[in-house]
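The opening residue of the sequence shown carries number 3 in my numbering; numbering runs sequentially from there.
The C-beta atom is built at its ideal place from N, Cα and C for all residues, glycine as well.
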Amino acid sequence: MLQNKSVQEGDYVLLYLDSKRTYLVKVEAGKILHTHKGFINIESLIGKDYGSTVASSLGVKFIVLRPLLRDYIMKSTRGTQIIYPKDIALIIMLSGVGPGSHVVEAGTGTGALTTALAYYVRPNGRVYSYELRKEFLEIAEKNLRRANLIDFVELKNKDITAGIDERNIDAVILDMATPWQVVP
3 MLQNKSVQEG DYVLLYLDSK RTYLVKVEAG KILHTHKGFI NIESLIGKDY
53 GSTVASSLGV KFIVLRPLLR DYIMKSTRGT QIIYPKDIAL IIMLSGVGPG
103 SHVVEAGTGT GALTTALAYY VRPNGRVYSY ELRKEFLEIA EKNLRRANLI
153 DFVELKNKDI TAGIDERNID AVILDMATPW QVVP
């Protein structure tokens, strides 16, 4: 999949100051990012090449990067504790999840693991994610939309201990306090 080399309106960009200070921002007309190093007119990024720099109002340079999966996860809106990328990598390796996989997940939370699973099941797979708390599902949906992965996920406000709706599943991943209640 070829991607644009330059920033387009509506893109998300990662503005990189240093390894501890990065900003995930949607490029929109009229948007201003305020930082401790000055402000940046986000609209001015349109047409800039990824990898180029932009100066803040104080002359501090930020590198304009295309966000990676890790950035979407680490910068996600949170309402719960998340599973971190190093643990996500192990879960994906051990579960065998890949392109075309159909995965049931329980304990969506705010969607960090869900986002990674959706990324790896693309383009023909699907993640069916069960969560009891509607407010968490709303945050997860927002995070999945921001990462442009919502089309690969079906969010379910259901109790997985009552059973799953899906058949012919490749993996079941249970991120919940009582996983033994799900396994028959």
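Beta-carbon separation (whole angstroms), residue i vs residue j, contact threshold 8 angstroms
| i | j | result |
| --- | --- | --- |
| G113 | A142 | 3 angstroms |
| Y122 | G100 | 6 angstroms |
| V56 | I34 | In fact, because the Cβ distance is near 13 angstroms, the residues do not count as touching under 8 angstroms. |
| I44 | V66 | The Cβ separation is near 10 angstroms, so there is no contact. |
| V105 | D172 | 6 angstroms |
| E156 | R128 | 7 angstroms |
Alpha-carbon to alpha-carbon, residue j and residue i
| i | j | result |
| --- | --- | --- |
| D51 | V9 | 6 angstroms |
| L115 | I84 | 8 angstroms |
| Q183 | P69 | 38 angstroms |
| I175 | P87 | 15 angstroms |
| T110 | M76 | 16 angstroms |
| S58 | R80 | 28 angstroms |
| G102 | I94 | 13 angstroms |
| K160 | G40 | 45 angstroms |
| D73 | S46 | 22 angstroms |
| L146 | E107 | 15 angstroms |
| M3 | D13 | Confidence in M3 is poor, its pLDDT being 48 and thus under 50, which makes the residue's placement unreliable; the coordinate value appears in the next sentence. Whole-angstrom Cα-Cα distance: 16 angstroms. |
| V29 | I48 | 7 angstroms |
| G61 | Y18 | 14 angstroms |
| R169 | E11 | 40 angstroms |
| I162 | S54 | 47 angstroms |
| L120 | K136 | Correcting the residue type first, residue 120 is Ala in the shown sequence and not Leu. Approximately 20 angstroms, taken between the alpha carbons. |
| G187 | D20 | As displayed, the chain neither begins before 3 nor continues past 186, which places residue 187 out of reach and without an answer. |
Start and end residues, alpha helix (DSSP H) containing residue i
| i | result |
| --- | --- |
| V123 | 114-123 |
| K136 | 136-148 |
Residue interval of the beta strand (DSSP E) (run including residue i)
| i | result |
| --- | --- |
| S131 | 128-132 |
| E156 | 155-158 |
| L176 | 173-176 |
| E168 | Segment: none, E168 is in no beta strand (DSSP E) and carries neither H nor E. |
| A179 | First-last for A179: undefined, no H or E at that position. |
| E107 | 104-108 |
(Q) List, from N- to C-terminal side, the beta strand (DSSP E) runs of 3 residues or more that fit wholly inside the region 17-100. (A) 23-28, 34-37, 40-43, 55-57, 63-67
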